[in-house]
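In short: position in the sequence shown from 1, add 1, done, that's my numbering.
Data block below; observations after.
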Amino acid sequence: MAKAKTLWYCTSCGNESPKWMGRCPACGEWNTMVEAPAEKSSSGGAKGVSRSSAGERKPVKLKDIDRSSDARMSLGMPEVDRLLGGGIVPGSLVLVGGEPGIGKSTLSLQIPLCSGLRTLYVTGEESEKQVKMRAERLAKAFSANQAPDSEEGENTLIFAETQMDEILKQAGEIAPELMIVDSVQTMFTDTIDSTPGSVSQIKEVAAMLLRFAKESGIPVILIGHITKDGYIAGPKILEHIVDVVLQFEGENRGSYRVLRSIKNRFGSTAEIAVFEMTGSGLREVSNPSEMLIPMHEAGLSGAAICAMLDGSRPLLFEVQALVSSAVYGTAQRSATGFDTRRLNMLLAVLEKRAGFHLSAKDVFLNMAGGLKVSDPAADLAVVAAVLSSNFDCPIPSDCCFAGEVGLSGEIRPVGQTDRRAGEAARLGFRKIFVSTYSSLPDNLPRGIKVIKVADVPALVKSLFGNA
């Protein structure tokens, strides 16, 4: 019996090679080559996918393309609709990834129950009865969005199957408004001689679903597993094929989840949606600032409020710092939710430019609410929190900060300061510290005072006086 032919695939980019290589010649990544059976050649394309219309298609002028009937469809969850750019686009392929237990399957089942769209829910990991049990637990999450005379899950069709040819056959007969596949790693096709979840199977399954979505105009949502490094499992080509990539972030033991747009061909990638995991499913948090601002008594040192901008949404959150004398010979530097290298840079600026001796002290930094912050506007709040803990002098609870700190100790302006100030005024803050060079409009909200500081010494003088 002839030995089955195998190829080596790069899990990072999907590049094929007849033999193993330590480094992928296409993307340059090390130790990413895995062996899988070679794909069967098929003159008619993937089995179960119609090619009858391929020869009839002709190029069309851009101005002649009619998209009046391709309006976005609402998924019944305002935060998810906003994250997608105003709703899901017909014929689009959306990939949702995240760690086990973070809420991917909960979200995928909650979407059809909230939207009321005729949905084909394909599950490769659970039976129909198990999905029914989850749906009953989520009843409170979607009952308010249904008409009084509608039955729970009336438009949701559950199909426990992993064979792609059968799935596409049923989808063609049912013609749903939305199809959800949980998960792409469990699906397989007989045209590939390998196990489900392998590189070749994931590539072919994604290609079949892409063709189905584009030809039928039915949007498809894929649930994807992730690796221990936090990346979508399978070849990198999976993320290139799909139109939208959404990723869940957050701590499984915590109650809050962040759904972040990594890729979006039809909207912005600088948006997030915040959810709270409850006993009845995921609850949308329309105003994340309320959960991130202080939840303790006033008068505590080492806490400062930052006015951050994540995409087009302003957020106010608490930066917590603790400065103490080093117990061991080398001072510790620890940051949760903030880049440790940037923290070291800010501490070096305080040491060199402002004369604060922190080299012999431990510094611990935490972004409240489990938030991961990359906005440079957090620099000013970090510096203020560190100095507050160092002096053991609390910052007034009605103050917030938005500014970037440069290597020479200067405070640099950040974008859209007016939106940050408006969000701070709405939440009851009276003062916001910004850079001297920030340009602000004249129509700022009433009740908030903008304090401009040029450098770190000016900030210290404004906040702590002669401390």
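For every residue, glycine included, the Cβ atom is placed at its ideal position computed from N, Cα and C.
In this text the structure is predicted, and so the values were computed from the model without any measurement.
Q) Can you list, in chain order, the residues of its chain whose CB lies under 6 Å from that of P316, leaving out five sequence neighbours each side? A) Position 315 of the sequence shown, counted from the start, is the residue given in the question as residue 316. Per the sequence shown, residue 316 should be read as Leu rather than Pro. Correct list, in chain order: P289, S290 and M309.
Q: Note down the Cα distance separating Y329 from S184, rounded to an integer number of angstroms.
A: Position 328 of the sequence shown, counting from 1, holds the residue named residue 329. Position 183 of the sequence shown, counting from 1, holds the residue named residue 184. Distance between the alpha carbons of Y329 and S184: 49 Å.
Q. Which term fits L84, buried or exposed, when burial requires 16 or more other beta carbons within 10 angstroms of its beta carbon?
A. The residue you call residue 84 lines up with position 83 of the sequence shown. Burial call: buried.
(Q) Per DSSP, what are the beta-bridge partners of S18 in this structure? (A) Within the sequence shown, residue 18 is the residue found at index 17, counting from 1. In DSSP, S18 forms a bridge with W9.
Q) To which residues of the same chain is S182 closer than 6 Å at the C-beta, ignoring the five residues directly before and after it? A) The residue you call residue 182 lines up with position 181 of the sequence shown. Contrary to the premise, residue 182 reads as Val rather than Ser in this sequence. Closer than 6 Å at Cβ, skipping near neighbours: V123 and L223.
Q) Does DSSP put N391 in a helix, in a strand, or in coil? A) The count along the sequence shown starts at 1 and reaches residue 391 at position 390. Helix.
Q. Applying the criterion that 16 or more other CB atoms from any shown protein chain within 10 Å of the CB defines a buried residue, is S116 buried or exposed?
A. The sequence position of residue 116 within the sequence shown is 115, counting from 1. Answer is buried; the Cβ neighbour count reaches 16.
Q | Identity of the residues DSSP links to E411 by a beta bridge | A | On the sequence shown, position 410 is the one that residue 411 refers to. The partner list for E411 (beta bridge, DSSP) reads D456.
Q | Segment contact flag, the segment 413-429 with the segment 359-371, C-beta cutoff 8 Å, min 3 pairs | A | no
Q: Grab me the residues of V275's own chain with a C-beta within less than 7 Å of its C-beta, minus the 5 sequence neighbours each way, in chain order.
A: The sequence position of residue 275 within the sequence shown is 274, counting from 1. Counting only Cβ-Cβ distances below 7 Å, and skipping sequence neighbours, we find Y257, V259, V286 and P289.
Q) Opposite G321 in the DSSP bridges: which residues? A) For the purposes of this step, residue 321 is taken as the residue at position 320 of the sequence shown. First, the residue type needs correcting, since residue 321 is Gln and not Gly in the sequence shown. Q321 pairs with A304 and N367.
Q. Among all the DSSP beta bridges, which residues are the ones paired with I273?
A. Here residue 273 corresponds to residue number 272 of the sequence shown, with the count starting at 1. Assignment of beta-bridge partners to I273 by DSSP yields R261.
Q: Assign I306 to one of two classes, buried (16 or more other C-beta atoms within 10 Å of its C-beta) or exposed (fewer than that).
A: If you number the sequence shown from 1, residue 306 lands on position 305. It is buried - the Cβ of I306 has at least 16 other Cβ atoms within 10 Å.
Q.
Alpha carbons only, please: which of Q131, L110 and A234 is nearest the one belonging to L139?
A. Counting from one through the sequence shown, the residue named residue 139 turns up at place 138. Nearest neighbour of L139 by Cα position, chosen from Q131, L110 and A234, turns out to be L110.
Q) Who are the near neighbours of T163 in its chain, counting only those whose CB is closer than 7 Å to its CB and skipping five residues on each side? A) One-based indexing of the sequence shown puts residue 163 at position 162. Taken in chain order, the residues that qualify are G125, T187, M188, F189 and P197.
Q) In the structure shown, what three-state DSSP assignment does S463 receive? A) On the sequence shown, position 462 is the one that residue 463 refers to. It is helical.
Q. Any contact of the segment 406-417 with the segment 332-342, i.e. 3+ C-beta pairs under 8 Å?
A. no
Q. In chain order, what residues of the same chain have a beta carbon less than 8 Å from the beta carbon of V206, not counting five sequence neighbours either side?
A. One-based indexing of the sequence shown puts residue 206 at position 205. M165, V185, M188, F189 and T190.
Q | Residue nearest to G404 in terms of C-alpha spacing, selected from L428, R431 and I452 | A | Counting from 1 along the sequence shown, the entry for residue 404 is found at position 403. Looking at the Cα atoms, I452 is the closest of the given residues.
**Q.** Selected residue, minimal CA-CA separation from L158, among E127, A336 and R119
**A.** For the purposes of this step, residue 158 is identified with residue 157 of the sequence shown, where counting begins at 1. Of the candidates E127, A336 and R119, the one whose C-alpha sits nearest the C-alpha of L158 is R119.
**Q.** Proximal residues to S75 (C-beta, below 7 Å), its chain only, five neighbours per side dropped
**A.** The residue given as residue 75 occupies position 74 in the sequence shown. Counting only Cβ-Cβ distances below 7 Å, and skipping sequence neighbours, we find D82, G88 and S116.
Q | Anticipated Cβ contact below 8 Å, V95 with L323, distance rounded | A | Translated into positions along the sequence shown, residue 95 becomes position 94. Translated into positions along the sequence shown, residue 323 becomes position 322. The pair is not a contact, with the Cβ atoms about 41 Å apart (cut-off 8 Å).
Q. Any idea what DSSP makes of L179, helix, strand or coil?
A. For this step, residue 179 is matched to residue 178 along the sequence shown. Collapsing the DSSP output to three states places L179 in a strand.
Q | CB contact flag (V454, L388, <8 Å) | A | Along the sequence shown, one-based indexing puts residue 454 at 453. Along the sequence shown, one-based indexing puts residue 388 at 387. Contact flag unset, no.
Q: Please go through the same chain and pick out, in chain order, the residues whose beta-carbon is closer than 7 Å to the beta-carbon of T33, but skip the five residues on each side of it.
A: Here residue 33 refers to the residue found at position 32 of the sequence shown. Closer than 7 Å at Cβ, skipping near neighbours: C11, T12, S13 and C25.
**Q.** E250 - DSSP class collapsed to helix/strand/coil
**A.** If you number the sequence shown from 1, residue 250 lands on position 249. E250: strand per DSSP, three-state reduction.
Q) Using 8 Å as the Cβ pair cut-off and three pairs as the minimum, do the segment 440-448 and the segment 333-347 touch? A) no
Q) What span of residues does the beta strand (DSSP E) with C470 cover, start to end? A) Absent from the structure is residue 470, since the part of the chain shown begins at 2 and ends at 468.
Q: With distances taken Cα to Cα, identify the nearest neighbour of I112 among I175, I193 and R284.
A: As a first step, residue 112 is located in the sequence shown; it is residue number 111 there, counting from the start. When only C-alpha atoms are compared, the closest one is R284.
Q | Outcome for S44 when other beta-carbon atoms lying within 10 angstroms are tallied against a minimum of 16 | A | If you number the sequence shown from 1, residue 44 lands on position 43. Because the pLDDT of S44 is 43, which lies under 50, any placement of that residue in the model is unreliable, and the number read from its coordinates should be weighed accordingly. Counting Cβ neighbours within 10 Å, S44 comes out exposed, since fewer than 16 surround it.
Q.
One question on the structure: do G312 and S375 come within less than 8 Å of each other, judged by their Cβ atoms?
A. On the sequence shown, position 311 is the one that residue 312 refers to. On the sequence shown, position 374 is the one that residue 375 refers to. Not closer than 8 Å, so no.
**Q.** For I203 and L239, believed in contact at Cβ under 8 Å, the rounded distance
**A.** One-based indexing of the sequence shown puts residue 239 at position 238. One-based indexing of the sequence shown puts residue 203 at position 202. 6 Å between Cβ atoms; contact.
Q.
If I measure Cβ to Cβ from S51 and keep anything under 6 Å in the same chain, skipping five residues before and after, which residues do I get?
A. Sequence index remark: in the sequence shown, residue 51 carries index 50 (1-based). Model confidence at S51 stands at a pLDDT of 44, short of 50, so the residue's coordinates are unreliable and nothing is read from them.
Q | Residues of its chain near L121, where Cβ-Cβ distance is below 8 Å and the 5 sequence neighbours each way are ignored | A | Along the sequence shown, read from residue 1 onward, the residue named residue 121 stands at position 120. Cβ within range, chain order: L158, F160, Q171, A172, I175, P177, L179, M180 and I181.
Q. Roughly how many angstroms separate the alpha carbons of A47 and I273, rounded to a whole number?
A. Taking the first residue of the sequence shown as position 1, residue 47 is located at position 46. Taking the first residue of the sequence shown as position 1, residue 273 is located at position 272. A caution first: A47 carries a pLDDT of 44, below 50, which makes its placement in the model unreliable, though a value can still be read off. It is roughly 36 Å from the alpha-carbon of A47 to the alpha-carbon of I273.
**Q.** Helix, strand or coil at S201 [DSSP, three-state]
**A.** Here residue 201 is taken as the residue at index 200 of the sequence shown, counted from 1. S201 falls in the helix class under three-state DSSP.
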